[in-house]
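See structure below.
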Amino acid sequence: MRLEMNELRRWWRAARAAGAAVGLAAGLCALPAVAQPVAPGEAPVAAPVPSPSPVAAGAVATTWSLPLSRFTGDTAPLRVQGVQGELRLSLPMPALLSPSEVVLELVGTASQALINSSQVAVELNGRVVAQQRLAGQSALRLSVALPVSLLHEGYNEVRLAFAQHYHERCEYPMAPELWTQIDPVASRFVVRAAPRAVPLRLDRLDELFDKRSWDEAPLVPVFTAAAPDAGVLSALSLVAQGIGQRYDYLPVRVGSARLPARLEAVAEALPPGARGGVAVGTLAQMAPMLAGVPLPAGGAPVAVLRRLPGDEGRFLLVLAAQDAAGLEQIARAFAMPRMPWPDKPWATVSQLRMPPLGSVTGAAASLRPATQAFPLSAQGFRTVTLAGMGGSGGASVRFWNPAWQGRVQVRVHAAYAAGMAPQSALNVVANGTMHGSIPLDNPAGGVYDNYAVTVPAGALRPGWNTLTLQPNLVPRNNGGECQAFFPGNLAVTVYEDTTLQTFGGSPLQRPDLGLLAYSGRPMPDVPVGVGMAVQLTDAQDATVGAGLTLLSKLAQVFRGPLLRTQLTVGAAQGVTNHVWVGPVGGLPDAVRRAAGLDAQGGLDVPVPLIQTSDVPVREGQVLLALRDQVDAFGAAPGTLSAQAAVAPALQGRSAAVTTLDKGEPVTVFTALDAAALEAGMRQLVGHGAWSQLKGSVALWRAGEEPLQTVTPDDAPFTAYSLRGGLGLWISQYPWWALSFLLVLLGSVVWLLRTSLARYRRRHLPAQPARRHDDKA
């Protein structure tokens, strides 16, 4: 009995000691975080302080299922061909999540010809973490646990290295039976993670609005104390742009809502899944949200970051000032992408001097090269080496074509390795079509400093185009019949000073939704942001939310803040690029008429039936009549359209319409009611829907992916400039053109002889006549 009592006492003392340790650890969670280094090969030692980003109190781990198609941007199968290949994936790791388990699940199909030596190796950030045989895996299923210790905040590289064989020796490395196919929809990352505590530092705002988020379309509410007036709307426009820029390529949804009376109630007002929100208003309106913050006297515009009581993993960013001018100033500071915020939970911006409008427009004009030639580095391209038989898929860059029927010349600067077969080449592909091939046929390797390839006008489209330099690298020996096979020297480098030169073309003559989707403006000559206004029909939360979501997307498209763009209720002054957002019944009558809409949601638009590029040529023309004929080429090709009036065209759908009204572009985003418009706008800013915008009219229903568009696809803009028209006339009537050229040359010779003879008679002394029998 005494022995049992002694054991009980020892157990009780141990339990008390353990309880004290637990209490001490809980108390230390509130202390500043200090990272504890661990020597290589040693096990981590329990530290007296937590990790730099402790898991938020009360946080519950959540499991995410992330298909590979989200990271590849395509649902098409991923195929690995040949004896050696690889697939590279990028797993984003948000800053405010602490992963506890990450599993890569691969689903696909492997060739039945693969033998036992065939395998796939999985690498995480350069470390091999798993290997799997491919032989006998016709229905490939692979589950790999990725070590959490190798993951880091940001983008983690996952590489799948394939070694595929159909014979132990003397195999052909590019045999058609050497393949593996991965299904990017069924394959996925399964991640279990818990939220981390929000860092109370304004210099880490990018972690609050994190583009590495696993949410496909993050939702960020913007709170105001009352329905926003004109002063608050100007600030909200800038706040939406700041949110959109930080999320970068993620389609973000911005909502408008009323601010609760207490900070403790903000968590309940946040939408499901939202980590935080932004509160905008005067210092008096934001006083309950700023309680306990030691702000300086004077009432300077201030930005304050607060954790929500009871949930350290959620936040509220408060932007406040004494008046509307100060509120716009602090919001503008938030919209600036490289603002040097302090490593503190609050900061004031007492002064913010913006450049004058003239310098803004001058800087925009200076971006247009005088020679219409620019290096690929101006489009963000960097020097890259493409290696291996597949050339890593090639190198692509997007470039802007501001005209219709213009052509582009690519002047390639490249170097390639020695020892490749003469069949090797670097193909120049524009918008998926090959237009030239650069031979890489010198056995000793070589360099091309300025190899020119012309992309014809018909291969380009107005707006953004994609240029791809696609290598086809072939080894000297193919490995068959037991020959040596050396793929290590298959490499070509494309330099960033490769140049694009544009020639000719006619400027676009009317707005297009496709240009708005790719550049933030409906026409190429309309300044971005300057003279632009997003005009709301009313101040309902749903209408304001739709406008803020659109502004956020336009800032992402433009790749910068639209600081000169207005956000107003009703018409704005000094506007040359009008964007209207609101229910169709609230649009001004003049705007509805210009867009072909009526108050009941009916649509009246021209629908193209026939288009022609034929140019009438009258017989028997003379030199003076040719000018009239050439001038006719400046007109658009003939189009036959039917005027279709459809009602109710907007029944349950949203619409985007763009047109010219008195020479100024007008773009309308509308639906029958504000709620349907907000839902439609949140779907429109997604990757798939936004990229489908084109033409003059787009219709879509919330929850459905395809858009219905009305656009004349064949020749939507003016097709022929003076040079293009004259070239077409010459190609249609070559004999007339030759005759005209001979007459023109004869006229020039006659005019020159006549002028020289007249000059000699007037300015030179008369020469005595010489006899034929005179001696020299």
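So the sequence shown is numbered by the working numbering: it starts at 284 and just counts up by one.
For each residue, glycine too, the CB sits at the ideal point set by N, CA and C.
Please state whether the Cβ-Cβ distance between residue i and residue j is less than 9 Å.
i     : j    : result
A878  : V940 : yes
F952  : A829 : yes
F598  : R536 : no
A446  : V403 : yes
P805  : L819 : no
D724  : A708 : yes
V563  : V515 : yes
V691  : N748 : yes
A513  : T826 : no
P866  : L955 : yes
L491  : L600 : yes
L1062 : W629 : Limits of the chain in this structure are 284 at one end and 1059 at the other, which puts residue 1062 out of reach.
A477  : V343 : yes
A608  : L521 : no
A604  : P584 : yes
L542  : M569 : yes
V817  : V874 : no
G560  : A540 : yes
A510  : A958 : no
L886  : L933 : yes
P350  : A469 : yes
L880  : L892 : no
P639  : P844 : no
Quick test of your reading: residue i and residue j, contact by CB under 8 Å. State the CB separation rounded to the nearest angstrom.
i    : j    : result
N439 : L374 : 5 Å
R495 : G437 : 7 Å
R471 : E388 : 5 Å
L752 : G677 : 6 Å
R759 : G702 : 6 Å
Quick one: what's got a C-beta closer than 6 Å to residue i's C-beta in the same chain, skipping five residues either side?
i     : result
T782  : A656, P658 and R694
E248  : No information on residue 248 is available, as it lies outside the stretch 284 to 1059 that the chain covers here.
H861  : V949
G803  : V811, L837, V840 and F841
D897  : Bear in mind that the predicted position of D897 carries a pLDDT of just 48, short of 50, making it too unreliable to give a figure here.
M457  : G365
T346  : R475
N399  : A418
R1044 : none
E947  : T859
Between which two residues does the alpha helix (DSSP H) harbouring residue i extend?
i     : result
I526  : A513 to Y530
Q839  : D824 to F841
Y801  : L796 to S802
L1034 : P1017 to H1046
L488  : L488 to L491
Q402  : Where Q402 is concerned, there is no enclosing alpha helix (DSSP H), although the beta strand (DSSP E) it sits in stretches over Q402 to L407.
A618  : A607 to A618
R876  : D872 to A878
A418  : Taken as a continuous stretch (DSSP letters only), A418 belongs to no alpha helix (DSSP H), as it is neither H nor E.
E551  : V549 to A552
Let's see if you can read the secondary structure: which residues bound the beta strand (DSSP E) around residue i?
i    : result
H718 : T716 to P722
G969 : That residue, G969, is in no beta strand (DSSP E); it is neither H nor E in DSSP.
V473 : R471 to P478
S352 : Counting along the chain, S352 falls outside any beta strand (DSSP E), though it belongs to the alpha helix (DSSP H) covering S352 to T355.
R694 : R690 to Y699
L361 : L361 to Q364
V427 : A422 to L429
N710 : A708 to A713
I465 : W462 to I465
Take residue i and list the residues in its own chain whose beta-carbon comes closer than 7 Å to its own, dropping the five residues that flank it on each side.
i    : result
S421 : T392, A393 and Q395
Q883 : A930 and P931
Comparing the C-beta of residue i with each C-beta of chain D, is any distance below 9 Å?
i     : result
T1037 : Looking at the structure shown, chain D is missing, and only one protein chain is on hand.
With a CB to CB cut of under 8 Å and the five nearest residues on each side skipped, what residues in its chain are close to residue i?
i     : result
S649  : In this prediction, S649 scores a pLDDT of 49, lower than 50, which makes its location untrustworthy; no coordinate-derived value is stated.
T358  : S352, P467 and V468
L1047 : none
Query raised in the report: Are the stretch 1023 to 1043 and the stretch 926 to 934 touching, with three or more C-beta to C-beta distances below 8 Å?
Result: no
Requested in this report: Pair every Cβ in the stretch 829 to 849 with every Cβ in the stretch 977 to 995, then say whether three or more of these pairs are closer than 8 Å.
Outcome: no
Report task. Answer yes if the stretch 414 to 426 comes into contact with the stretch 477 to 493, meaning at least three C-beta pairs across the two stretches below 8 Å, and no otherwise. Result -> no
Query raised in the report: Would you say the stretch 705 to 720 touches the stretch 732 to 752, given that touching needs at least three Cβ pairs under 8 Å?
Result: yes
Query raised in the report: Are the stretch 456 to 465 and the stretch 353 to 364 touching by the rule of at least three beta carbon pairs closer than 8 Å?
Result: Touching, yes, given that three or more Cβ pairs across the two stretches are closer than 8 Å.
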